[in-house]
Amino acid sequence: MAEGSRDHGGAGTTTDPEEDSPNMIVYRKIEDIVTRIQDEKAGGVAIRTVKSFLSKIPSVVSGADIVQWLMKNLSAEDPAEAIHLGSLIAAHGYIFPISDHVLTLKDDGTLYRFQSPYFWPSNCWEPENTDYAIYLCKRTMQNKARLELADYEAENLARLQRAFARKWEFIFMQAEAQVKIDRKKDKAERKILDSQERAFWDVHRPVPGCVNTTEMDIRKCRREKNPHRVKKSVYGVPDEGQSQPSPVHSSSQPTRKPTKEDVQKEISFLNIQLDRHCMKVSKVADSLMSYTEQFMDYDPFVSATEPTNPWISDDASFWDVEASRDPSQQRVKKWGFSLEEALKDPAGRDQFLKFLESEFSSENLRFWLAVQDLKRRPLQDVSARAQEIWTEFLAEGAPSSINLDSHSYERTSQNLKDPGRYSYEDAQEHIFKLMKSDSYARFLRSNIYQDLLLARKKFLSQQDDYWHSTTLKHLLSIHGYQIIKALDLSAMCPRLIARFLLLHYDLLSAKHKVEPRLMLYV
Amino acid sequence: MCKHYLYSILCISTSLCFKPFRCRSLPAQRKYMRSPPIPEMATQEVQLSETLAHLKTESDTLKGKLEEERAKLHDVELHQVAEKVEGLGQFVMKTRRTLKGHGNKVLCMDWCKDKRRIVSSSQDGKVIVWDAFTTNKEHAVTMPCTWVMACAYAPSGCAVACGGLDNKCSVYPLSLDKNENLAAKKKSVAMHTNYLSACSFTNSDMQVRLSRMGEDTCSSFVTALHHFFDLTELFKVFRHVLHDFMSLQGCDKKANVWDMRSGQCIQSFETHESDINSVRYYPSGDAFASGSDDATCRLYDLRADREVAIYSKESIIFGVSSVDFSLSGRLLFGGYNDYTINVWDVLKGTRVSILFGHENRVSTLRVSPDGTAFCTGSWDHTLRTWA
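Here is the structure:
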């Protein structure tokens, strides 16, 4: 069995082609943490022998001590984070509770032990079922209550006995041999080694319902240079070559050395980078900050939405409001941030178009929209559509001729010799800049926009009239004059009325059978 | 540009003037070797390898020069400038919906433009369309292979695309008729060499952008839903699209920005210490964030052409699988392999919140189109919506 509980056995010293696999990176970090925890002189936890009833429990640490250490040394802000991290370290097999198969960390007096480096996951163990069978078999041979098999282990053993029926004698013999080796060891040492071995199997054959932390993301498996390498056995059983190769997609191309062309490409790329004009970080930071500032009011995670966030309140009216043709004041305000924002919103696009039509200068926007649409067409429609756009906007005597500078005009007509989705890219950019500097600014000052921005008041006053005229009278006729007696309704604003009605919803609905829909309207 | 060419030409001409073995920059060991007689063929080989060496030196010099130039612009740190920004208050974010129904690890998910429907794919080979608000499953398709690693919702909401180890991208139209056999209506786009690792729709239902694993380049296949031909065009394209023509790609430790129109890589960033698993544009499009196996998220700005922030903590040691921004760009959500979600203040660089709930790795994370919630998929077979 395992030789030496403290020495560094196994692979990982000479050539390790998997050193950069994501699991390995995490293992190394955990190993660093675990080494530090055990280093008492450098502020680690005290590993001691605890007396319990008639026996002594060697080499243990309490869960609370580990949590304390993690909080102090890894700047974990609160115990929950430290416990979570500790549980993960346990789940990966680096620490384990001495009397439980489930590998989690508890912030109390539960006792934990550190795993032997021989059994560390970074040694790339992928133990076969034969090894597991030997282990379970060995356990049944040891007549100790604390080593009795758990239910799931007994089930596993039964399954393995059926699967390895022919080999069972061999497995039995191996198990006996292991038991003999174990008996020779010192009692305390055996306790420790037994627990470490059990913890090893808890990682590789976890309790049903527990996460198997040895699983790897299949997308990363391609890194393995030798996915079908011979797996070493925990108990020194020679591999009979019956193991199935794991279904891994090995990369088709081995990494090749850079050629002259590669380096030349690199050089031209670097030259382009050197010629690029870049901004200072201070300017960039200011830009990021102002963008974020501007949109924070629209960010549901930062500012409360009106009506409430549907995911929190379970009420989907927020989405209904957003989809309505009548844009809210806040939404209209957003159009004023930039032309991009105005065009992103379909309502904004419509209003801008309306404004331009009133000025008889809508051809620019219509051209821009047509080109956007062109980019979404299925390929067979592209050249026909491109031609249509040319005829409509750019040709001699076009009905909606746009004002393009000669350079872009030349480029575009060249592009159209072989029409594609991006043939109008230059022209579109030019027109966009034109709209941005000219018509967009005027749009923001226009009545159409300003009315919408302040439209709430108009909309509300409309509501006032409506309430006073129809609905309210109707409601009152149903519910009688109790309400009128209580309030002077004609003087109240609709919102207050609404709130009042809501408050008395139960009473009203019970007594007068008010339709729920009406209440929601409120 | 010209002067560099001249330099290369100069090198070649000087090497021709002298006997090859003298031109070689002799490393220390060579001193003790007697120069053997050199036949014609070897001479040419030696010349080729020398120009390669020269080119490499040139490349290295340029790299050094570039670093110097960029360092001059690094006058301040983002979090220093952001000190004057108001701090964010305490957040109460929790799971609002849990979607159960997958039989194995959830690998990918995407939101529909209607802000409440999502599509998710899993290792059990199932692709499910949910109304996340009501938690009802609306469609379920079984793919012929397991490990469906990528899925995306069409902008119109009428179709979903998915693919994985079967080396294909399949597009399924969604119909309201539950009895209709969706699998029969799918259109497939075959990819010859390797498996599909990500896909997304461009602005229209007509184009699907895909990326293959194992290669630096990815392909875009246009599939027309209304017609029966699948493959109609090939671009060199990538994982995510914000603008019509620019795209981001995370490839090993590098993050690249590509111009789709020319098929060229226009910017490249390499500061991560390990594989990049996820890249996402900042809402304004001027910057992007990346999440990597080195347990950090980083913010890169395209205008400054450098990394401007790192989001990491000593207590976070597991890799990031997926990142996304909130609507304003103030918050960055990261799904980690330690089953948690960390929420970062993008400007100040601090962690705002840590969210527990999943019982296994978070494999995918996306913020909803209107920013009201974000959804995570995990190896624990479930999806959760948080707000």
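Protein chains in written order, with UniProt numbering: chain F, 1 to 522; chain P, 1 to 387. Ideal Cβ placement from N, Cα and C applies to all residues, glycine included.
Residue i - DSSP class collapsed to helix/strand/coil
i, result
"P/Ile341", "strand"
"F/Val211", "coil"
"F/Met71", "helix"
"F/Trp125", "coil"
"P/Phe288", "strand"
"F/Ala177", "helix"
"F/Leu454", "coil"
"P/Ala309", "strand"
"P/Ser368", "coil"
"P/Trp386", "strand"
"P/Pro27", "Caution applies to P/Pro27, whose pLDDT of 40 falls short of 50 and renders its modelled position unreliable; the value that the coordinates give is listed next. Reduced to three states, the DSSP call for P/Pro27 is coil."
"F/Thr305", "coil"
"P/Val76", "coil"
"P/Ile317", "coil"
"F/Ile402", "coil"
"P/Thr271", "coil"
"F/Lys232", "coil"
"P/Thr135", "coil"
"P/Met109", "strand"
"F/Trp311", "helix"
"P/Arg96", "strand"
Option nearest residue i by Cα separation, candidates the options
i, options, result
"P/Gln264", "F/Gln273, F/Pro258, F/Thr259", "F/Gln273"
"F/Val302", "P/Ala71, P/Val76, P/Phe91", "P/Phe91"
"P/Glu273", "P/Lys126, P/Ala255, P/Ala287, P/Tyr153", "P/Ala255"
"F/Leu288", "P/Met149, P/Gly89, P/Arg116, P/Asp345", "P/Asp345"
"P/Gly335", "P/Trp379, P/Leu327, P/Tyr153, P/Lys348", "P/Trp379"
"F/Asp451", "F/Leu157, F/Gln351, F/Thr214, F/Met296", "F/Gln351"
"P/Val362", "P/Lys56, P/Arg116, P/Asn277", "P/Asn277"
"F/Leu434", "F/Ser400, F/Ser55, F/Leu339, F/Glu388", "F/Leu339"
"P/Leu327", "P/Thr57, P/Ala295, P/Arg366", "P/Arg366"
"F/Gln428", "F/Arg219, F/Asp373, F/Cys278, F/Pro378", "F/Asp373"
"P/Lys56", "F/Lys265, F/Ser21, F/Asp186", "F/Lys265"
"F/Leu70", "P/Lys313, P/Trp386, P/Gly250", "P/Lys313"
"P/Gly329", "F/Phe164, F/Ala285, F/Ser439", "F/Ala285"
"F/Ile66", "F/Leu54, F/Leu85, F/Val50", "F/Leu85"
"F/Asn123", "F/Ala386, F/Tyr135, F/Gly93, F/Asn156", "F/Gly93"
"P/Leu355", "P/Gly87, P/Ile316, P/Thr51", "P/Ile316"
Proximity test, Cβ basis, 9 angstroms: residue i and chain F
i, result
"P/Glu69", "yes"
"P/Tyr282", "yes"
"P/Cys337", "Checking the sequence, you will find Asn at residue 337 of chain P rather than Cys. Judged by the 9 angstroms Cβ criterion, P/Asn337 is in contact with chain F."
"P/Cys108", "no"
"P/Ala387", "yes"
"P/Cys162", "no"
"P/Asn136", "no"
"P/Phe91", "yes"
"P/Glu233", "Confidence in P/Glu233 is poor, its pLDDT being 23 and thus under 50, which makes the residue's placement unreliable; the coordinate value appears in the next sentence. For P/Glu233, the answer is yes, since a Cβ of chain F falls inside 9 angstroms of its Cβ."
"P/Gln249", "no"
"P/Ser322", "no"
"P/Asp286", "yes"
Supposed close pair residue i, residue j - CB separation, criterion 8 angstroms
i, j, result
"F/Asp202", "F/Phe96", "7 angstroms"
"F/Pro419", "F/Ser446", "The pair is not a contact, with the Cβ atoms about 36 angstroms apart (cut-off 8 angstroms)."
"P/Lys100", "P/Thr382", "5 angstroms"
"P/Asp275", "P/Asp293", "5 angstroms"
"F/Asp345", "F/Arg331", "7 angstroms"
"residue 532 of chain F", "F/Ile448", "Nothing in the structure corresponds to residue 532 of chain F, since chain F is present only between 1 and 522."
Within-9 angstroms CB hit, residue i to chain P
i, result
"F/Lys457", "Bear in mind that a pLDDT of 46 at F/Lys457, under 50, signals an unreliable position, so the number given afterwards is only what the model happens to contain. By this cut-off, F/Lys457 is not an interface position."
"F/Arg219", "yes"
"F/Asp20", "yes"
"F/Ala76", "yes"
"F/Ala64", "no"
"F/Pro79", "no"
"F/Phe301", "yes"
"F/Leu454", "no"
"F/Trp319", "yes"
"F/Cys278", "yes"
Next on the checklist: Report the start-end ranges of each alpha helix (DSSP H) in the UniProt domain "DEP" (41-116) of chain F that is 4 residues or longer and not cut off at the edges.
Outcome noted: 63-73, 79-91
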